[in-house]
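Input: a single structure, listed below in structure tokens.
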Amino acid sequence: MKTVLITGASRGIGRAIGQLLWQQGYTVIGTSRQPTQAETTPFELYPLDVSSDESVERCVGMVLSKYSRVDVLINNAGIALYGAVEEATVEDVRRVMETNLLGVVRMTNALLPHMRAARQGQIINMSSLAGLVGVPYLGIYAASKHALEGYTTTLRYEVKHLGIHVTLIEPGDIGTDIERKQASRNYQEYKRGSESAVAIHEAHLQNGPPPEKVAAVAAEVIRSRRPHLRYTVTSGDEFWVPWMRRLLPDWVNERLIRSHFRLE
Ligand SMILES: NC(=O)c1ccc[n+]([C@@H]2O[C@H](COP(=O)([O-])OP(=O)(O)OC[C@H]3O[C@@H](n4cnc5c(N)ncnc54)[C@H](OP(=O)(O)O)[C@@H]3O)[C@@H](O)[C@H]2O)c1
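Plus 158 on top of the position in the sequence shown (first one is 1) and you've got the numbering used here.
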């Protein structure tokens, strides 16, 4: 059975994926920034902060010395940031990018040499529907996931001939307690739009499907002999988001998104 390393497996989507794969007989290695506080997983949690070079090096070193190989890397760890893009300071943006983009780059760079040497492997990056369309008042998060999409689609071209499969999972709103901070600045001009958009996001998260829905898709991707580039995980009207983006002109998409978030 394959050995799977999942970043951010202490709760939410990462934990649900780990639990399902563990039940299915995979060797699951999870990670958390503070593993002692997260004892509810049936699999082992290694300490890892993907925003730190040293932490990634230490974690991957420990994992490879114990397991000698990792067949599947699931780059799941991620955080969100609410607020207008102008309200986010460079430090706010850096924090999100350090985890959502550079965290993926660090982990991928650390494990690719082993996958290249083995001439096999699989990398699954947890994107979002926010990687496909701009999302008002969640713009920095959307920017990090758009960057992840560009990185991942390119990586797929470059490592396919080495036997390494690369895939994006793009969930809509899922019922987790994802870490979501507020941007550091607060401007009156954005107050109304921000309050309305954030209330809509929060309601969607609360009513979103459980993380097990994403876990089932991740398990399908791992089982697949030829995994696709993208797997979306949607509920209700979210189903149309990837299609809207592909098929409709920008001005129609903009109108639909404005109306969805009740923007002026
Ligand atoms: N929930 C949604 O609606 C939704 C929708 C689309 C995409 N996603 C994506 O799915 C992924 C998981 O989100 P979730 O909703 O399951 O969130 P979550 O419940 O907050 O879980 C996030 C996980 O990431 C870990 N983490 C956060 N920062 C980290 C860092 N710097 N280094 C290492 N681990 C870190 C956390 O572990 P510790 O705190 O224990 O370190 C936690 O286990 C994210 O990439 C998110 O963008 C979520």
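Glycine residues also receive a C-beta, built at the ideal position from the N, C-alpha and C atoms. On a predicted model such as this, the values are computed, not experimentally measured, just so you know.
Starting from residue i, follow the beta strand (DSSP E) in both directions and report where the run begins and ends.
i	result
G188	185-190
K339	338-340
M284	279-284
L239	238-240
So what's residue i in DSSP terms, helix, strand or just coil?
i	result
M265	helix
M273	helix
H323	strand
Y345	coil
V230	strand
E202	strand
V293	coil
T390	strand
P369	coil
I380	helix
T165	coil
P193	helix
E215	helix
E396	helix
E353	helix
E422	coil
Quick one: give me the first and last residue of the alpha helix (DSSP H) that residue i is part of.
i	result
P400	399-405
Q181	170-181
N258	248-258
L306	297-317
I415	408-418
Taking the CB atoms as reference points, tell me whether residue i and residue j lie closer together than 8 Å.
i	j	result
S382	T247	no
A174	E370	yes
V379	I327	yes
M273	I322	yes
L239	K339	yes
N267	T165	no
I171	T325	no
A242	S352	yes
A167	G188	yes
L222	P400	no
I282	V228	no
T199	Q177	yes
E129	S285	One cannot answer for residue 129 here, as it falls past the ends of the chain, which runs 159 to 422.
V254	S302	yes
E360	I237	no
L287	E396	yes
Could you tell me the alpha carbon to alpha carbon distance between residue i and residue j, rounded to whole angstroms?
i	j	result
V372	E244	32 Å
H319	G279	11 Å
L296	P368	21 Å
Y309	E256	14 Å
Q192	A305	27 Å
Y204	C217	7 Å
V214	A357	35 Å
N365	L269	36 Å
R416	T311	28 Å
N411	R350	22 Å
V186	A235	15 Å
T392	L206	29 Å
K224	L179	19 Å
S226	P271	13 Å
M265	V162	13 Å
S190	I332	20 Å
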